[in-house]
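Notes follow the structure.
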């Protein structure tokens, strides 16, 4: 699921990336990487993974601050654990941003969804936009094989 105004763009490191045509800093990306684990639970709890995620964000030179807003776990297809995270990021590259992420492991591959949207004090994330982005987040699941 992706918003209709988002268009596919190419970016190194992303398996697929969609950007908002009206505001290019708003994007939805998926990265698929090989891993040695069979389940995200082997790496840790959702809270542990969220802490690692925030630590990684804070190590970036462009990050001024990052703070977890919410952490959740849901079951995907076939009972696969899917971790969801929401956090705010203050960056020298685009200011305040709201990040929604989801991650799961299937067939020794880590699937990671990142949704980035501007969330500045003078132009906060609206309720309709938030709902749309949460729908995208909650739709992220194991791909259906033909």
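In the UniProt record's numbering, the protein residues as written are 1 to 146. In this text, a Cβ means the ideal position worked out from N, Cα and C, and glycines have one as well. As the structure is a computational prediction, the values presented were derived from the model and not from experiment.
Here the alpha carbons of residue 75 and residue 141 stand approximately 9 angstroms from one another. In this model, residue 97 and residue 90 are separated by some 6 angstroms (Cα to Cα). For residue 82, the uninterrupted beta strand (DSSP E) segment begins and ends at 81 to 91. Relative to residue 143, the option among 100, 7, 8, 104 whose CA is nearest is 104.
Using a Cβ distance threshold of 8 angstroms, residue 57 and residue 50 do not count as a contacting pair. In the structure shown, the three-state DSSP call for residue 77 is helix. The DSSP assignment places 27 to 34, 63 to 75 as complete runs of the beta strand (DSSP E) inside the stretch 26 to 83, in order along the chain (cut-off: 3 residues). Residue environment analysis places residue 101 among the buried positions, since at least 16 neighbouring C-beta atoms fall within 10 angstroms of its C-beta.
For the pair residue 133 and residue 4, the Cα-to-Cα distance works out to about 12 angstroms.
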